[in-house]
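Take a look at the structure below.
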Amino acid sequence: MFYRNVAAGVLALSLIFTSGLASAESLLDEVKARGTVKIGLRKDFPPVGFIDRDGSWVGTEIDFAHYVAEKLGVELEMVEVISKTKIPLLLNGNIDILMAASNPTRERAKIVDFTQPYQIDGQTILVRKDSGITTLDDLANHKVGTVQGSLDGDQLVKRQPTAELVYFQEYPNAVLALQSGRVDAVTTSYSVLAKFAAQDDNLVVMPKTFRPDPFVMIIRQDDSKWRLALEDIIMSAMDDGTLKKIHEKYIGGALTVEPDMWADYYKK
């Protein structure tokens, strides 16, 4: 489900997160002069970003990143990131924009800036069909796989404190651990877990999400000119149907995030 359907969530974002004043020279000018934009993206997170059977790097954010570069009038340079490395790579200047299914949080707002969301997902869990696990309550004293640097594990433990987190470098490794019985569940975005479940009849996704999962572009602070340029591109992608087409291409249907979940999201 994309931003137009979650205006309430975006309003909350605008109230909570503010950017600094524009710097003397915006990154927008540098990117245009350079002729390339470096965007941090994932390869381990289908349908957001993954390697297909032909060996091509594809996904919802890959398509959208090409759209962003086209709107900026520059070439796209895709830089692979994982949860553990993505914020440092942005702060070090290795990338200009961080996408990579990244969430806005109060803690991150201390060091980076955010655009409005371009996609809204929801966090849930993936389990084995024969596990008997159907709710977060069932995860009491069970092992849950997540990845290093992700917010998902912490968010789950806030709702099920007795769950034991097991960390992996990438999501496919976490799913392999689930399949082999080394963990009892894996937690992250619904659309991502649904893709893994579609590849294994022995796995199932808990259909009810327990936390909104907004995807935003993350940039360095104090560059409102750059942020506003990116937000204008997001709005264009909504208005011309690009985001809708990308969603239908890789995901299909619509994910429902209950409005009252937003208040809970911003408390966490």
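According to mature numbering (1 follows the signal peptide of the UniProt record, and there is no 0), the residues represented by the sequence shown are -24 to -1, 1 to 244, in order.
Backbone N, C-alpha and C define an ideal beta-carbon position, used for all residues, glycine too.
No experiment lies behind these values; they were computed from the predicted model shown.
Burial state of Arg29 is exposed, judged by a 10 Å Cβ sphere holding fewer than 16 other Cβ atoms.
Here Ile222 carries a helix assignment [DSSP, helix/strand/coil].
DSSP places Ile210 in no beta strand (DSSP E) but in the uninterrupted alpha helix (DSSP H) bounded by Ser200 to Asp215. Inter-residue distance for Leu17 and Arg84 is about 18 Å (C-alpha atoms, whole angstroms). Apart from the 5 residues on each side of it in sequence, Ile101 sits with its Cβ closer than 6 Å to the Cβ of Ala161, Thr163 and Met182 in its chain, given in chain order. Under the 10 Å beta carbon count, Gln124 is surrounded by fewer than 16 other beta carbons and is classified as exposed. When the five nearest sequence neighbours on each side are left out, the beta carbons in the same chain lying within less than 8 Å of the beta carbon of Asn117 are those of Thr138, Ala139 and Glu140, in order along the chain. Partner residues in the beta bridge of Ile195, as assigned by DSSP, are Asp89.
Assigned with DSSP and collapsed to three states, Val151 falls in helix. With 16 or more other Cβ atoms from the protein chains shown falling within 10 Å of its own Cβ, Asn79 counts as buried. Along the length of the segment 19 to 79, whole alpha helix (DSSP H) runs at least 4 residues long occupy 36 to 48 and 62 to 67, reported in chain order. For Val13, the uninterrupted beta strand (DSSP E) segment begins and ends at Thr12 to Leu17. Distance from the CA of Gln136 to the CA of Val24, rounded to the nearest whole angstrom, comes to 27 Å. Residue pairing by DSSP places Val7 opposite no residue, since no beta bridge is assigned to it. Here the alpha carbons of Asp39 and Glu207 stand approximately 17 Å from one another. For Gly129, there is no enclosing beta strand (DSSP E); the residue is part of the alpha helix (DSSP H) that begins and ends at Asp128 to Arg135.
Rounded to whole angstroms, the gap between the alpha carbons of Lys60 and Ser156 is 24 Å.
By the criterion of a C-beta distance shorter than 7 Å, Trp202 is surrounded in its chain by Ser2, Leu3, Leu4 and Ile195, once the five residues flanking it on both sides are discounted.
A buried status is given to Arg187, since no fewer than 16 other beta-carbon atoms sit within 10 Å of its beta-carbon. For Val142 against Val159, the beta-carbon gap comes to about 5 Å, under 8 Å, which counts as contact. A distance below 9 Å separates the beta carbons of Glu146 and Ile58. Straight-line measurement puts the Cα of Lys171 at about 23 Å from the Cα of Met193. In this structure, DSSP gives Lys119 an extended state, which the three-state scheme calls strand. Per the DSSP secondary-structure output, Gln95 pairs in a beta bridge with Phe191. Taking Thr111 as reference, the option from Thr12, Glu224, His42 and Lys184 with the minimal CA-CA separation is Lys184.
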